[in-house]
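Visitor: Counting in the working numbering, the final residue of the sequence shown is number 2140, and the numbers go up one at a time with none missing.
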Amino acid sequence: GSLLTFEHVENNQHYGYDKVIMLAGGIGQANKEYALKKEPQIGDKVIVLGGDNYRIGMGGGAVSSVSTGEFSSAVELNAIQRSNPEIQKRVFNTIRAMAESDDNPIVSLHDHGAGGHLNCLSELLEDTGGQIDIDKLPIGDKTLSAKEIIGNESQERMGLLIHEKNVEVLEKIARRERAPIYKVGETTGDHRLVFSQKNTKPIDLEVKDMFGNSPKTIIEDESIQNKFAPIPKAKESIEQSLEKVLRLESVACKDWLTNKVDRSVSGKVACQQTCGSIQLPLNNLGAVTIDFQGGKGIAVAMGHAPMVGLINPTYGSVVSIAEALTNIIWAPFTHGLKGISLSANWMWPCKNKGEDARLYEAVEAVSLFARQLGINIPTGKDSLSMTQKYPNGDAVLSPGTVIITAVGEVSDVKKIVKPVLQAKNNTEVLYIDMSSDTMKLGGSSYAQTHNLLGDNAPTIQDVSHFKKVFESIQLLIEEGKILAGHDISSGGMITTLLEMCFADNNIGLDVDLSKLSKEDIHTVLFSENPAILIQVKQTDNIVNYLANKGIVSYKIAIVENQIQQPTVKINYHDQKIILDIAHYRDIWFETSYFLDRKQSGEEKASKRFENYKKQPLHYTFSPSFTGKINTVERKLQAAIVREQGTNGDREMAYSLYLAGFQVKDVHVSDLIEGREDLKNISMLVFPGGFANSDVLGSAKGWAGAFIYNEKANKALKEFYTREDTLSLGVCNGCQLMVELGLLYPNHSEKPQMLHNDSQKFESSFVNVDILPNNSIMLSNMVGSRLGIWVAHGEGKFDLPYTEDKYVIPMKYSYADYPANPNGSRYNAAAICSEDGRHLAMMPHLERAVSPWQWAYYENDRVGDEVSPWIEAFINARKWIEGKQ
């Protein structure tokens, strides 16, 4: 993986240090000083954190450079880099504890990827040399040779250097986190790299021999001029063409893909795939905050244009970058366009005649276009063997493609513009071209429906104009002048217009494109020249504003809101088209339904297809809710109890802190080993995650830690015996409380948590209703209908008795799937103990305490600092204060 740091760094007042933003497969931020390694000393210890060595990834580099099918399946499987994510999380927690200490003692750190220990440990020892004892490395497979031990690529490991005096504290933290830790060597200062095993030295080299200049690779190829048939004049109606385009996988709804991954994890997710009251995956970019305060953040977006690249590799590269930028443009960047960096991932069928030459052209074009834009590409990756060969000599070549990932620092995540038209009077939609090219259908989705590529594709003809539009849109976003925005890419302008209406049931458009062009209407509606559409207030006169900056924009539509049967009405010279939005939205969603049948089964996939537009989000807030938060003196102590695999502890801790608690981090190992007994804790919270990877079922292993360990069992029983305590379990923590029988200890038949009826993980933002109840946390929120995140695989409440035997303070607002994501009996989203003190819920209220965390928050409450969910935590604090 590669590290990306921005040149523009500002002081982070909250944490008191400078920050850097990283792109390494994913995105994140870190202390600026950790971007540079410290100076190693002779005698520093080499530490490996993580799992055992297995025959994983051997020959990975060689196999990844040849065509699939060239080696036997056993050899290719052996090349795959596999990992244990739970071990990775334990290692991460250990390193995080060191990094967050007042004086981080880690000298140098390196991950295990390609090359395994040989690559990782040699880079740690690059400046000094050192010795590694192979026999001290953990061996999971006793048949491994020395080469396989040194070179295997198990991914869950990290290597680091640390001064000898700091090893003990690292070992203590690792034991607490249950992260395997091994002291395997030390620095020597003799600039030799030695891997020893018993009385042998399989590797004994000068460091310079490992890090010398690699030989240059010279590739010879010849250019081949491919000619493709032009797109014929349309013989079918716009409606017929549109139905075909909307069903293409590249254009159609991706709900089947996005609803099964956790899109709220960490509580710092400010923009994910879904948007609007119908929660459709239409957002142009993803964004996370750098902390829980909802200010600055990091945005990421992607772009690729494989079909354009087949016609012209240069154009394919340019359009790929352009698409990434027209996707990410909707976030306000601290440093504008120049604050964005790119990653370029090359997917190419090299070693086939003409393809290496095409790759050269494509790379050259990426370099030139990025330099013209004034942005950098410091990182990337390549897979240059995108060829499948068969025993009979046949081969299938993947289209040469560059996938561009754009990332940048966002000045305020709350200002990110969504592609959902807002129901405001007197608003219009403007079209802004960013290509400076004539409209072309080559490489478009429309061309694909005719099984053609086309003979001419669009590109960016005027880079200065592209930059000018980008920076002007950034200014308008900062000033709050853009109500909604969407880029034109896959599917063309007609798809963009419809998508801006899809996520709301009552919005339509009256469109007139007559002033835009004189091209054939199919070309105007389906060409994919890089361009954007923005919704603005008519009174702001944005057309003139842009014109003063030398940018031509066209008013192409008036927004119509509060319509019972909304349509997109299109006028183009003497042609008129009326498109029923609900009809075309179903066509767009249908491809997702077909794919969903493979994972959820016919019944649940059909229910999702039937109900997705019938379960819109809408809210009822308590009249007393002000949206403000008061600062109080933090006297009471709450504890977050976590187990290996917990991933919801930080956002839960912040929610408690915001509500006025001091918050203590308690690992189950602290209870087992007697470091913590909970006697000074007033509120106990079990957060979400996948304790012990849910290997035995949800929370089964976590529960076992309390049941079968004397000190942990005693601490928990004593806490629940006290009458001045509260507890909360969310998601995995809810499963734990149910498994331990903490809510209804007198019931002979216990509640259970079962797999979701869909038999898959469900992630969505749903409505819940707060019912009359005696829950200390929720009782004063009765009558509220709120939005909340769910993210679970085993969230179905199986309640054996009649409903009156339980306290059910919260239910899913819609009984049918997918708004009830798991099929819980009585539609229960939470259950509570009879005395109201102990609450277990599947949805993640701690990931929805701030409006920016909600996937959809109504526009008439833009001034809210907090969401109603913070009240639950405040209620808990006030109740405990009354018991003091």
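In this text, a Cβ means the ideal position worked out from N, Cα and C, and glycines have one as well.
#1: Can you check whether the CB of G1883 is closer than 9 Å to the CB of E2121?
#2: Does G1281 come out as helix, strand or coil in the three-state DSSP assignment?
#3: Among the candidates K1645, E1784, A1587, Y1875, whose CA atom is the shortest distance from the CA of E1734?
#4: Short of 7 Å in beta carbon distance, which residues of its chain neighbour S2069, apart from the five on each side in sequence? Order them along the chain.
#5: Which residue marks the beginning of the beta strand (DSSP E) containing R1898, and which one marks its end?
#6: What three-state label does DSSP hand R2041 in the structure shown?
#7: Can you tell me whether Q1269 is buried or exposed? The criterion is at least 16 other CB atoms within 10 Å of its CB, across all chains shown.
#8: Tell me which residue opens and which closes the beta strand (DSSP E) that W1602 is part of.
#9: Taking the alpha-carbon of N1443 as reference, which of A2084, F1845, I1659, E1382 has the nearest alpha-carbon?
#10: Whole angstroms are fine: how far does the CA of I1283 sit from the CA of E1665?
#11: Hey, would you say K1293 sits closer than 9 Å to K1439, going by beta carbons?
#12: What does a CB cutoff of less than 7 Å around M1466 pick up in its chain, not counting 5 residues either side in sequence?
#13: Measure the C-alpha to C-alpha separation of D1518 and Y1828 and round it to an integer number of angstroms.
#14: Indicate the three-state DSSP secondary structure (helix, strand or coil) for K1811 in the structure shown.
#15: Closer than 8 Å is the cut-off here; do at least three beta carbon pairs connect the segment 1536-1549 with the segment 1635-1644?
#16: Within the chosen definition, does the segment 1751-1764 reach the segment 1639-1658 through at least 3 CB pairs nearer than 8 Å?
#17: Measuring CA to CA, which of S1720, R1841, I1303 is closest to L1593?
#18: Using DSSP bridges, identify the partner residues of Y1687.
#19: So what does DSSP say about Q1529, is it helix, strand or coil?
#20: Give every residue of the same chain whose Cβ lies closer than 7 Å to the Cβ of L1697, excluding the five residues on either side of it in the sequence, and list them in chain order.
#21: Taking only three categories from DSSP, how would you classify V1276?
#22: Leaving out the 5 sequence neighbours to the left and right, which residues in its chain are closer than 7 Å to S2123 when beta-carbon positions are compared?
#23: So G1741 and V1673 are in contact, right, with Cβ under 8 Å, and what is the actual spacing, rounded?
#24: So what does DSSP say about E2114, is it helix, strand or coil?
#25: Would you say V1994 and L1940 are within 9 Å of each other, going by their C-beta atoms?
#26: Would L1972 pass as a contact of L1934 if the rule is Cβ separation under 9 Å?
#27: Ends of the alpha helix (DSSP H) at T1977?
#28: Which of the three DSSP states is assigned to D2060 in this structure?
#29: Considering Cα atoms alone, identify which of Q1820, Q1549, Q1831 is closest to G1493.
#30: With distances taken Cα to Cα, identify the nearest neighbour of A1895 among P1943, R1853, V1564.
#31: Please report the straight-line C-alpha distance between C1606 and T1661, rounded to a whole angstrom.
#32: On the criterion of 16 or more Cβ atoms from any shown chain inside 10 Å, does T1545 qualify as buried, or is it exposed?
#33: Give the straight-line distance between the Cα atoms of I1798 and N2036, rounded to the nearest whole angstrom.
#34: Please report the straight-line C-alpha distance between L2095 and P2001, rounded to a whole angstrom.
#35: What distance in whole Å lies between the Cβ atoms of A1490 and S1479, which are believed to be in contact at a cut-off of 8 Å?
#36: State buried or exposed for Q1529, treating a residue as buried only when at least 16 other CB atoms are found within 10 Å of its CB.
Guide: The relevant details are as follows:
#1: The count along the sequence shown starts at 1 and reaches residue 2121 at position 865. The count along the sequence shown starts at 1 and reaches residue 1883 at position 627. Cβ distance < 9 Å, so E2121 and G1883 count as in contact.
#2: For the purposes of this step, residue 1281 is identified with residue 25 of the sequence shown, where counting begins at 1. Coil at G1281, not helix or strand.
#3: Locating residue 1734 in the sequence shown gives position 478, counting from the first residue. Cα-wise, what sits closest to E1734 is A1587.
#4: What you label residue 2069 is simply residue 813 of the sequence shown in a count that begins at 1. Here the set comprises N2023, V2024, D2025, R2041, A2075.
#5: Residue 1898 sits at position 642 when you count from the first residue of the sequence shown. Run containing R1898: 1893-1898, per the beta strand (DSSP E) assignment.
#6: The residue you call residue 2041 lines up with position 785 of the sequence shown. It is a strand residue.
#7: Here residue 1269 refers to the residue found at position 13 when the sequence shown is read from its first residue. Reliability of the predicted coordinates at Q1269 is poor, the pLDDT of 35 falling under 50, and the value obtained from them is presented with this limitation in mind. With fewer than 16 other Cβ atoms within 10 Å, it is exposed.
#8: Position 346 of the sequence shown, counted from the start, is the residue given in the question as residue 1602. First-last of the beta strand (DSSP E) with W1602: 1596-1603.
#9: Against the sequence shown, residue 1443 aligns to sequence position 187. Strictly speaking, residue 1443 in this sequence is Thr, with Asn absent from that position. Of A2084, F1845, I1659, E1382, the residue nearest in Cα terms is E1382.
#10: Here residue 1665 refers to the residue found at position 409 when the sequence shown is read from its first residue. Here residue 1283 refers to the residue found at position 27 when the sequence shown is read from its first residue. Their Cα atoms are separated by approximately 11 Å.
#11: Along the sequence shown, one-based indexing puts residue 1293 at 37. Along the sequence shown, one-based indexing puts residue 1439 at 183. No, they are not a contact pair.
#12: Sequence index remark: in the sequence shown, residue 1466 carries index 210 (1-based). Hits under 7 Å: S1378, L1449.
#13: Within the sequence shown, residue 1518 is the residue found at index 262, counting from 1. Within the sequence shown, residue 1828 is the residue found at index 572, counting from 1. Each residue's alpha carbon lies about 43 Å from the other.
#14: To locate residue 1811, count along the sequence shown from 1; it is residue 555. Strand.
#15: no
#16: no
#17: Counted from its first residue, the sequence shown places residue 1593 at position 337. Looking at the Cα atoms, S1720 is the closest of the given residues.
#18: Residue mapping note: residue 1687 aligns to position 431 of the sequence shown, counting from 1. L1789, Y1810.
#19: Here residue 1529 refers to the residue found at position 273 when the sequence shown is read from its first residue. Three-state result, Q1529: coil.
#20: Along the sequence shown, read from residue 1 onward, the residue named residue 1697 stands at position 441. Counting only Cβ-Cβ distances below 7 Å, and skipping sequence neighbours, we find I1487, A1703, G1710, T1779, F1782, S1783.
#21: Indexing the sequence shown from 1 puts residue 1276 at position 20. Correct three-state label for V1276: strand.
#22: Numbered from 1 along the sequence shown, position 867 holds the residue referred to as residue 2123. Contacts found: A2104, V2105, S2106, P2107, W2110.
#23: Counting from 1 along the sequence shown, the entry for residue 1741 is found at position 485. Counting from 1 along the sequence shown, the entry for residue 1673 is found at position 417. So it is a contact: roughly 5 Å between Cβ atoms.
#24: Within the sequence shown, numbered from 1, the residue matching residue 2114 stands at position 858. Coil, per DSSP.
#25: In the sequence shown, the residue the question calls residue 1994 occupies position 738. In the sequence shown, the residue the question calls residue 1940 occupies position 684. Contact flag unset, no.
#26: Taking the first residue of the sequence shown as position 1, residue 1972 is located at position 716. Taking the first residue of the sequence shown as position 1, residue 1934 is located at position 678. Yes. Within cutoff.
#27: Numbered from 1 along the sequence shown, position 721 holds the residue referred to as residue 1977. Here the alpha helix (DSSP H) through T1977 covers 1966-1977.
#28: Counting from 1 along the sequence shown, the entry for residue 2060 is found at position 804. D2060: helix per DSSP, three-state reduction.
#29: As a first step, residue 1493 must be located in the sequence shown, where it is residue number 237. In the sequence as presented, Gly is not what sits at residue 1493; that position holds Ser. When only C-alpha atoms are compared, the closest one is Q1831.
#30: For this step, residue 1895 is matched to residue 639 along the sequence shown. The shortest Cα separation from A1895 among P1943, R1853, V1564 belongs to P1943.
#31: The residue labelled residue 1606 in the question sits at position 350 within the sequence shown. The residue labelled residue 1661 in the question sits at position 405 within the sequence shown. C1606 and T1661: Cα-Cα distance of roughly 22 Å.
#32: In the sequence shown, residue 1545 corresponds to position 289, counting from 1. With 16 or more other Cβ atoms within 10 Å, it is buried.
#33: Against the sequence shown, residue 1798 aligns to sequence position 542. Against the sequence shown, residue 2036 aligns to sequence position 780. When rounded, the distance between both Cα atoms is 46 Å.
#34: What you label residue 2095 is simply residue 839 of the sequence shown in a count that begins at 1. What you label residue 2001 is simply residue 745 of the sequence shown in a count that begins at 1. Taking the straight line from one Cα to the other gives about 14 Å.
#35: On the sequence shown, residue 1479 is found 223 positions in, with the first residue counted as 1. On the sequence shown, residue 1490 is found 234 positions in, with the first residue counted as 1. Contact doesn't hold; Cβ gap of about 33 Å is too wide.
#36: Walking along the sequence shown from the start, residue 1529 turns up at place 273. Flag for Q1529 reads buried.
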